[in-house]
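Here the sequence shown is numbered in numbering that gives the first Met the number 0, starting from 0 and rising by one per residue.
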Amino acid sequence: MGELELYSEHCIRDDKALVAEIRKMVIETRFSKLSGWSEGGEALYARDIDRHTFLRHDRTIKFIVPWVNQYFPLADKRIVEIGCGTGSSTAAFAKFADSVTAYEIQKSSIDGAKRRLAAHGLSNKAEFNLVRPEHLWSSIRSDHASKKADILLLFALLEHQTLEERLETLRSAQEIVRPGGIIVICETPNRLVYFDNHTSQMPFFHMLPLDLQLMVAPQSPRRDFRDSLERAARKGLKREDLLLALSRWGQGVSFHEFDLTFDDVDARILSGGTHPNLMKLRRPEPQEEILRAYMESAGIRRHPAFSRYFLDLIIRV
């Protein structure tokens, strides 16, 4: 517990002025555009607002950062982060690393991330790059052709990519990280568990083909997800555009993508979601026990991290 208490000094939950400033940013750049905002949206999205304001940052500080630092000390390290969002994980890692170079496809998220880092007094520790999805990896390869990253951070990213984008990310990640560096994957939902607690908040949803997901989505109890797809359909979007919009909300990932992109990925995993820090952050669920039991009975011998409901991995390059 001593290590966790040390890192907890950097949490912001009790800093009322800082939380208020970041909360204002989060609402302006993310939530004010969501369905239902004009009809009591602040109450409707209260939990999500807290998550984006301080919960994700503080959980990263308390559990993720010390976990990574145990296996790969962060001091003086150069981090490349893909899909930084409004900068919760960026700010958390920037407090301990030499620098973070972040890439994002949404301008509003980049604007929010810059404001967050400024509020933390960390503007000099992070650089933000707005890129189009189709130019993402060409930009990153160009930027880091000679200056390789020590760490590549993929925090809640892979699930928001198409399959083709995801495979390219996992392959290309190994090109821009120096030999001996690491790829850190956090908070990516596992498609092999039963409940989709990431996107639809429904059982089995993430196991369905995208076409069937689109038909079932109106049954989701998650209002912003359901309403977003309904609005897209009313606009008359083409089927492929609707399926892409559904993909961007988040799809499950499993060990299969890693097998297609890494040479013996299990042997490269330094640590995963069964580490004590991660077990405290993500309490074990019965569906994980069922998955582990089946994998064992079927003779599927994989790193235990691949049986958790979120995939959290430190992979050596």
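Glycine included, every Cβ here is placed at the ideal spot set by N, Cα and C.
Asked	Found
V252 bridges to which residues according to DSSP?	N189
What is the DSSP secondary structure of Y308, counted as helix, strand or coil?	coil
Which residues does DSSP list as the beta-bridge partners of N128?	Y102
Short check: CB of R165 to CB of E103, under 9 Å?	no
Three Cβ pairs or more, each shorter than 8 Å: is that satisfied between the stretch 272-283 and the stretch 228-247?	no
Among residues of its own chain, excluding the 5 on either side of V18, which ones have a beta-carbon nearer than 8 Å to its beta-carbon?	I11, R12, T52 and F53
Taking the alpha-carbon positions, what's the I307 to N189 distance?	Residue identity differs from the one stated: residue 307 is Arg in this sequence, not Ile. Straight-line Cα distance between these residues: approximately 7 Å.
Looking at the structure shown, is I323 part of a helix, part of a strand, or coil, going by DSSP?	Only positions 0 to 316 of the chain appear in the structure, and residue 323 is not among them; the question remains open.
Evaluate contact between the stretch 294-302 and the stretch 168-183, counting only Cβ atoms and requiring at least three cross-stretch pairs below 8 Å.	no
Our contact map puts L156 next to I81 with C-beta atoms below 8 Å; I'd like the distance itself, whole angstroms only.	6 Å
Express the C-alpha separation of M206 and I182 in angstroms, rounding to a whole number.	26 Å
From which residue to which residue does the alpha helix (DSSP H) around S171 run?	L162 to I175
Taking the Cβ atom as the reference point for each residue, do V67 and I150 lie within a distance shorter than 9 Å?	yes
What whole-angstrom Cβ distance do L280 and F62 have, given they're in contact under 8 Å?	4 Å
Of the choices R77, H159 and N128, whose alpha-carbon is the least far from that of H197?	H159
Assign L151 to one of three DSSP states: helix, strand, or coil.	strand
Can you list, in chain order, the residues of its chain whose CB lies under 8 Å from that of P303, leaving out five sequence neighbours each side?	G271, G272, T273 and R291
Are the CB atoms of V25 and T85 nearer to each other than 9 Å?	yes
Can you round the beta-carbon distance between Q200 and R221 to whole angstroms, since I take them to be within the 8 Å contact cut?	5 Å
For S107, does the count of other Cβ atoms within 10 angstroms reach 16, so buried, or fall short, so exposed?	exposed
In the structure shown, what three-state DSSP assignment does I321 receive?	With the chain represented from 0 up to 316, any question about residue 321 goes unanswered, as that position is not in the structure.
Could you pull the start and end residues of the beta strand (DSSP E) that V79 belongs to?	R77 to I81
Reducing DSSP to helix, strand and coil, say where R29 ends up.	coil
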